[in-house]
Amino acid sequence: MKLTIVYDNEIYVKDIGLKSDWGFSCVIEKEYETILFDTGANGKILLHNMKNLGINPKNIDKIVISHEHWDHKGGLKSLVPYIKDVEVYHLGREVPSEKMISINPEIPEKISEDIWTTGRLKGLVDEQSLVLKSKNGRYLLTGCSHPGVEKILQTAKQIGDIVGIVGGLHGFNKFYVLNELDLICPCHCTAHKQDLQRAFPDIISNCGVGKIIDLNEGI
Ligand SMILES: [Zn+2]
Ligand SMILES: [Zn+2]
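Going by numbering that gives the first Met the number 0, the first residue of the sequence shown is number 0, and it counts up by one from there.
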């Protein structure tokens, strides 16, 4: 299972024309399936970065929108001309096209082989995160972590032990809850990136557009 960051406020791979912008999006590629997690704020930038990273939006089989903030679902509409019929797992009311089959996951559920959503977790803004199972263990993929990393981890652990976390960690500062992890890749809105770097120098992996994480082979 391979993760590619296609939308973030930082650039990871330089010199191939990738654009940074406030927001988050990550493509999950499995052998027979491609899942898009969040869509960034601006569809043009999303499609541009996907193109430059060799990811064809026509291959998207499922879409997951972590929460209703514009910097995560803003690019959704621009995908409509490219996609076939896809399931969209989101917590809002409407999807922008009949090609998108709306699913509201209220409780943890399996959405694909080796992939679970935490379902709706209450917070300042309701949000869902994904649990991705690889040979190395289960990883958590988050949008902004508005319900709190602790709460998200607690729910994710009902699905199984978690060995790593990738995504936005917003104002998170209870670093001790990450003590048992092997990988922390703080993206997007993570407020305390430098403090995390100092606290976990051996397991921090920098995020940014173009970053690829192969979960089956480690980082
Ligand atoms: Zn955000
Ligand atoms: Zn947010």
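Cβ atoms here follow ideal geometry from the backbone N, Cα and C, with glycine treated the same way.
These numbers come from a predicted model, not from an experiment.
Quick check: the Cα distance between residue i and residue j, rounded to an integer number of angstroms?
i, j, result
"residue 56", "residue 81", "6 Å"
"residue 74", "residue 32", "20 Å"
"residue 139", "residue 168", "11 Å"
"residue 194", "residue 93", "38 Å"
"residue 39", "residue 19", "10 Å"
"residue 30", "residue 122", "34 Å"
"residue 144", "residue 15", "30 Å"
Assign residue i to one of three DSSP states: helix, strand, or coil.
i, result
"residue 199", "coil"
"residue 146", "coil"
"residue 174", "helix"
"residue 106", "coil"
Would you say residue i touches ligand 2, meaning its beta carbon is less than 8 Å from a heavy atom?
i, result
"residue 47", "no"
"residue 188", "yes"
"residue 165", "no"
"residue 63", "no"
"residue 294", "There is no way to answer for residue 294, as the model of the chain reaches only from 0 to 218."
"residue 124", "yes"
"residue 226", "Here the chain has residues from 0 to 218 only, and residue 226 is not among them."
"residue 191", "no"
Hey, out of the options, whose CA is closest to residue i's CA?
i, options, result
"residue 149", "133, 48, 132 and 178", "178"
Can we count residue i as close to ligand 1, meaning its CB is less than 8 Å from some heavy atom?
i, result
"residue 70", "yes"
Return yes when at least one heavy atom of ligand 4 lies under 8 Å from the C-beta of residue i, else no.
i, result
"residue 169", "In the structure on display, ligand 4 does not appear, and the ligands it does have are ligand 1 and ligand 2."
Subject >> Completely contained alpha helix (DSSP H) runs for the stretch 49-99, where each covers 4 or more residues >> reply: Taking only runs of at least 4 residues, the alpha helix (DSSP H) segments lying wholly in the stretch 49-99 are 69-72.
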